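In my numbering, the protein residues as written are 46 to 195. Note that CB positions come from ideal geometry on N, CA and C, so glycine has one too. These figures come from a predicted structure and were not determined experimentally.
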Amino acid sequence: MKKLIFALGFIAIAAFAQAQMIVPVKWDVEIKPLKGGNQYEIVATAKIDMGFKLYGVNMEDGGPVKTSFNFETLENCKDFGKAVELTPSNTMHDKIFDMEVTYFKDKAVLSHKVWVTEKPAKVAGYIQWMSCNDEMCTPPTDEEFEFVIE
């Protein structure tokens with residue numbers, strides 16, 4: 046009987062842990078050289094699970110966490126400009142947050158440029174994002190990236 050209770054408890058804990066690990070957005074982040082030799086573009090492609098929305102880059106504060114590029118290391122380089130939505134986003138009035146929000150469904154491609162002042166250069170940081178479906182929202186989540194430019 047103790048073994049049965051232990052087994053059922055273990056299964057319940059495993060199921061609970063699995064339910065907590067919902068990651069509806071999968072990222073592919075790469076860096077591409079631009080014309081001119083000193084400019085590079087970090088391109089982040091998000092594949093979004095069906096039924097979920099990934100929030101956009103250009104939203105007012107006070108609602109869901111907007112998607113953003115955050116730099117922790119900029120060695121021999123600097124970021125310039127701001128994050129750009131290469132995939133057009135949708136706009137809607139969100140009843141939960143009572144505001145206009147921008148979002149993506151299925152796929153999003155975002156970019157941010159960096160300027161290299163000397164090689165080798167290193168850029169590292171994370172993309173912070175949040176997504177929701179009709180039943181739940183993920184907490185703000187970070188997707189880390191790091192590139193060395195030779």
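Around the beta-carbon of K80, fewer than 16 other beta-carbon atoms lie within 10 Å, marking it exposed. By the neighbour-count criterion, in which a residue is buried when 16 or more other Cβ atoms sit within 10 angstroms of its Cβ, L155 is buried. With fewer than 16 other Cβ atoms inside 10 Å of its own Cβ, I67 counts as exposed.
By the neighbour-count definition (other C-beta atoms within 10 Å, threshold 16), M181 is an exposed residue. Taking the CA atoms as reference points, E120 sits about 25 Å from T186.
For N115, DSSP records a beta bridge to Y171. If you look at P78, you'll find it in the beta strand (DSSP E) that goes 70-78. P133 and D151 have their C-alpha atoms roughly 12 Å apart. For the pair of segments examined, the stretch 113-129 was found to touch the stretch 156-170: the number of CB pairs separated by less than 8 Å reaches three.
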